[in-house]
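K.L.:
Just passing along the structure, written as structure tokens.
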Amino acid sequence: MTADPILDVAGLTVEYGTDRPSRAVDDISFRLHRGEILGVAGESGSGKSTLMTAVTRLERPPARIVAGSVRYHPRDGEPVDLLGAPNRQLRELRWDRLAVVFQSAMTALNPVMRVGAQFVDVLRAHRRIGRKEAWQRAAELLEMVGIPGDRARNYPHEFSGGMRQRAAIALALACDPEIIVMDEPTTAVDVVMQRQILGRLQELQAQFGFAIVFITHDLSLLVELADRIMIMYAGRVVETGAAATIYRDPLHPYTLGLRDSSPSLHGRPRTVRAIGGSAPDLWDLPKGCAFHPRCPRRTDGCDTVRPPLLTVGGHGTACLLTGPATQEQS
Amino acid sequence: MGGVTLSPAVSKAPAAVRRTSRSAVRRIWGSVLLKRIAFYLVAAWAAATLNFLLPRLMPGDPASAILLKMSELGPVTPDRVQLVHRLFGGAHSEPLWRQYFSYLGGLFHGDFGLSLAFYPTPVSTVVRSGFLWSVLLLGVSTVIAFVLGTVLGALAGRRPGGWLDTVISPLSIFVHSLPYFWAALILVYVFAFRLDWFPLSGGARPDLAPGFDPRFISSAVTHALLPAATIVLTSISGWLIHMRNMMASVVNEDYVLLARAKGLSETRVTTAYAARNAVLPSVSSFAVSIGLVVGGSLLTEMVFNYPGLGSLLNQAILNLDYPLMQALFLVISMTVLVANFVMDCLYVLLDPRTREAAS
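Chains as they are written, first to last, in our numbering: chain A, 199 to 528; chain B, 40 to 398.
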């Protein structure tokens, strides 16, 4: 992997509501490199989807980005802060450079437009291309994900769930983007289809070299797919590092809980344990470390001191147990 | 094409799907259309039959009442007596089934007898002139109200809580709650009586003969402006609120968000993705209101003394003009059916999902 950044997110903070705002994303920073797959994992309500909409500038009221920057580094030219970019520039970058795949591919396609037409309009918005040629390209893109090209003439309701999901991925590839942000793109389909889709996705990624931000609650899935993983809890990053390291030697008790809450796909079988309690109320976050009420290894200070994210050798964690030790090492 | 050979086993093969998908769509579309036509034909027949039976089920003898009234108005020839019996039954008439068939035969020739209120003008002539006035005035103003209301509603609902929404939506709820006849009378008082900008009443200047004469047309248009304005003003808000609410929920759909993520122009996102889906329920309601254009014009036509079907119905009731009433009821029910049929077909074109559901 080359250390060639394509997306630099710094101090991104997103709040819901204005009177008594809740922070769904709190001071998150990460860097995405060209051709890299970055996995983002966490429970429901951990802020992963909010992070995704903020990074792609698709946030909607009552969500508001209150601080931070999202800098996109084009291959040529100066970096662009997507948060401050004028609408026109943003629109030009969308899909051409930065595409998305939604959690709910079932509802992400316009029900009254032919599937192909939804490729054609985006192709014609970003490329100088004739209508006929665009339909041709739509068929090619569908074939790429294993859907017969002439099905482009169908409406979304004539597609099966798996087909719609694959069509949504093909759609993201339409303008050959540099970054694709995917929010749980395989959650709505069965496991067999999920395998197929992810396999195809990896092949396409190897072929075209786009970078992926892959958001999911399924940590075991990320281990196979992602280069690096970022674990989120209550709107903050609690652990980040290389995928294999995070999975094998998680430092944060939450990561450990997340890993052990789903069966391992490879390696030795182990007991599956749920994390006790439930995700915290964002309007009323626990003091100190937000995870401490559920943490099995809670000690003194966990309920008063909020541990910062400390990174050593590419592996970062925000926990008092591991924090001081890594500080001494650095 | 490949449609004939389509069996479940074959259709699973991708090649077969490729060959048959388009012709299959066309075939489904065709069968949907046939089913609808059959349904509406049955409904039309039922309406015509009810229209035949109702006067015969009425207590007393409408035919004798009509004949009595006709004799007061002038001499009654034997064939007119026969016509009244054919349409309304009566003591000296033929058996019911023969009456029924001659009634149906008369319908196909547009023969409804003579109007009592406008004696001795044939009912068909009376209805035809009223129909034109009503359809032009109400049809045009209903379409205008629908289009304006839907466009404004789409604009307001595009950004719920935006400036347009905060101005337009409360205003339209206010207008919506005004009683129609009151609003219409106020407009007549201000613009026709006080300011004298528009004629007070009627469909056109009475001294001009109806026809394709520029003077008549311009007179008809100036007479129609004020009543049309009252209809548009009072019915626009219903469309507006309806569309605004649909739009406000559709803009949160994933496909609209995805359209924005695709970097399409704001106009394209609003029209092809959001409004295109939000308008579907409005189209169904529009079908109903277009159908009611013919029957629901009573208040407007009374306030403005407009020579449409509403006024005719009013006069028919006041004069116990059964032939005219019978014809009007038939025209109203047929118009509702035709409007619904047209809108049904349109809806199938607008919403591809209904094509499968209907088949």
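Ideal placement from N, C-alpha and C gives every residue a C-beta, glycine not left out.
Here the structure is a predicted model, which is why all the values come from computation and not from measurement.
Please report the distance separating the alpha-carbon of Arg286 of chain A from that of Glu292 of chain B.
P.N.:
Rounded to the nearest angstrom, the two C-alpha atoms are 23 Å apart.
K.L.:
If we ignore side chains and look at the alpha-carbon of each, how far apart do Leu210 of chain B and Met286 of chain B end up?
P.N.:
Approximately 18 Å, taken between the alpha carbons.
K.L.:
Less than 9 Å separating the beta-carbons of Gly347 of chain B and Gly242 of chain B?
P.N.:
Yes, they are a contact pair.
K.L.:
For Ser168 of chain B, which option in B:Trp202, B:Leu264 and B:Ala248 has the closest C-alpha, if you only look at C-alpha atoms?
P.N.:
Among B:Trp202, B:Leu264 and B:Ala248, the Cα nearest to that of Ser168 of chain B belongs to B:Ala248.
K.L.:
Excluding the 5 residues flanking Leu210 of chain A on each side, which residues of the same chain have their C-beta closer than 8 Å to its C-beta?
P.N.:
The residues are Val223, Asp225, Ile226, Ser227, Leu249, Ala252, Val253, Ile263, Ala265, Gly266, Ser267 and Val268.
K.L.:
Using a Cβ-Cβ distance under 9 Å, would Leu296 of chain B count as near chain A?
P.N.:
Closer than 9 Å: yes.
K.L.:
Name the chain B residues whose beta carbon is nearer than 7 Å to that of Val253 of chain A?
P.N.:
The contacting residues do not exist; Val253 of chain A stays about 11 Å from chain B at best.
K.L.:
Which of helix, strand or coil does DSSP assign to His324 of chain A?
P.N.:
In this structure, His324 of chain A counts as helix in the three-state DSSP scheme.
K.L.:
For chain B, is any of its Cβ atoms less than 9 Å away from the one on Arg398 of chain A?
P.N.:
It does not; no Cβ of chain B falls within 9 Å.
K.L.:
Contact check, Val214 of chain B vs Leu272 of chain B under 8 Å by CB: the rounded distance?
P.N.:
Right, their Cβ atoms sit about 7 Å apart.
K.L.:
Between Ser247 of chain A and Tyr431 of chain A, which are expected to be in contact by the criterion C-beta below 8 Å, what is the C-beta distance as a whole number of angstroms?
P.N.:
No, Ser247 of chain A and Tyr431 of chain A are not in contact; Cβ-Cβ is about 14 Å, not under 8 Å.
K.L.:
Just to confirm the assignment, what range does the alpha helix (DSSP H) spanning Glu290 of chain A have?
P.N.:
Looking at the DSSP string, the run of the alpha helix (DSSP H) that includes Glu290 of chain A is Asn285 to Leu291.
K.L.:
Check whether chain A comes within 9 Å of Pro320 of chain B, counting only Cβ atoms and requiring the distance to be less than that.
P.N.:
No, Pro320 of chain B lies away from the interface with chain A (no Cβ there is under 9 Å from its Cβ).
K.L.:
Where does Lys301 of chain B land, buried or exposed, given buried means 16+ other C-beta within 10 angstroms?
P.N.:
Under this definition Lys301 of chain B is a buried residue.
K.L.:
Given that a residue counts as buried once 16 or more other Cβ atoms are within 10 Å of its Cβ, and exposed if not, what is His148 of chain B?
P.N.:
His148 of chain B comes out exposed.
K.L.:
Alpha carbon to alpha carbon, how far is Leu376 of chain B from Val290 of chain B?
P.N.:
Their backbone Cα atoms lie some 34 Å apart in a straight line.
K.L.:
So is Val320 of chain A in contact with chain B if we call contact Cβ pairs under 9 Å?
P.N.:
By this cut-off, Val320 of chain A is an interface position.
K.L.:
Of all the residues that make up the region 278-310 of chain B, which are near chain A by a beta-carbon distance shorter than 9 Å?
P.N.:
Per Cβ criterion, the list reads Val290, Asn291, Glu292, Asp293, Tyr294, Val295, Leu296, Leu297, Ala298, Arg299, Ala300, Lys301, Gly302, Leu303, Ser304, Glu305 and Arg307.
K.L.:
Taking the straight line between their C-alpha atoms, what separation do you get for Thr216 of chain A and Asp294 of chain A?
P.N.:
So the two alpha carbons sit approximately 33 Å from each other.
K.L.:
Using 10 angstroms around the beta-carbon of Ser46 of chain B, count the other beta-carbons present and answer buried if the total reaches 16, otherwise exposed.
P.N.:
In this predicted model, Ser46 of chain B has a pLDDT of only 37, less than 50, meaning its place in the structure is not dependable; the value taken from the coordinates is given anyway. Ser46 of chain B should be labelled exposed.
K.L.:
Using 8 Å for Cβ pairs, my map puts Arg394 of chain B next to Val310 of chain A. What's the rounded Cβ distance?
P.N.:
Contact flag wrong, Cβ pair sits at about 11 Å.
K.L.:
Given that Tyr353 of chain A touches chain B, what residues does it touch there, using C-beta distances under 8 Å?
P.N.:
Here the neighbours are Pro391 and Arg392.
K.L.:
Anything in chain B within Cβ reach of Thr305 of chain A, meaning under 8 Å, just list it in chain order.
P.N.:
Glu292, Asp293 and Tyr294, listed in chain order.
K.L.:
Three-state secondary structure (DSSP) at His124 of chain B?
P.N.:
The answer is helix: DSSP assigns His124 of chain B an H, G or I state.
K.L.:
Which whole-angstrom value is the C-beta distance of Leu296 of chain B and Leu256 of chain A, which I expect to be below 8 Å?
P.N.:
Between Leu256 of chain A and Leu296 of chain B the Cβ distance is about 6 Å, and since that is below 8 Å, they are a contact.
K.L.:
The beta strand (DSSP E) spanning Met97 of chain B covers which residue range?
P.N.:
It is not in any beta strand (DSSP E) - Met97 of chain B carries neither H nor E in the DSSP assignment.
K.L.:
Measuring CA to CA, which of A:Leu280, A:Thr453 and A:Val320 is closest to Gly240 of chain A?
P.N.:
Answer by Cα proximity: A:Thr453.
K.L.:
What residues in the region 416-429 of chain A bring their beta carbon closer than 7 Å to a beta carbon of chain B?
P.N.:
Going along the region 416-429 of chain A in chain order, one finds no residue with a Cβ nearer than 7 Å to chain B.
K.L.:
What separation, rounded to the nearest whole angstrom, lies between the Cα atoms of Phe232 of chain B and Ala223 of chain B?
P.N.:
Taking the straight line joining both Cα atoms gives about 12 Å.
K.L.:
Would DSSP call Phe14 of chain B helix, strand or coil?
P.N.:
Outside the shown range of chain B, which is 40 to 398, sits residue 14 of chain B, and nothing can be said about it.
K.L.:
Beta-carbon within less than 7 Å of Arg244 of chain B's beta-carbon, same chain only, minus the 5 sequence neighbours each way: which residues are those?
P.N.:
Excluding residues within five positions, the ones whose Cβ falls inside 7 Å are Ser258.
K.L.:
Tell me, to the nearest whole angstrom, how far the beta carbon of Ala326 of chain B is from that of Ala378 of chain B; I am working on the premise that it is less than 8 Å.
P.N.:
6 Å between Cβ atoms; contact.
K.L.:
Any C-beta of chain B within less than 8 Å: which residues of the region 315-347 of chain A qualify?
P.N.:
Taking 8 Å as the Cβ-Cβ cut-off against chain B, the residues of the region 315-347 of chain A that qualify are Asp319, Val320, Ala323, His324 and Pro346.
K.L.:
Using the beta-carbon of each residue, which ones in chain B are nearer than 8 Å to Trp293 of chain A?
P.N.:
Here the neighbours are Ala300, Lys301 and Gly302.
K.L.:
With a 10 Å radius around its C-beta and 16 neighbouring C-beta atoms as the bar for buried, classify Asp498 of chain A as buried or exposed.
P.N.:
It counts as exposed.
K.L.:
Taking the C-alpha atoms as reference points, what is the distance between Val174 of chain B and Tyr345 of chain B?
P.N.:
Val174 of chain B and Tyr345 of chain B: Cα-Cα distance of roughly 12 Å.
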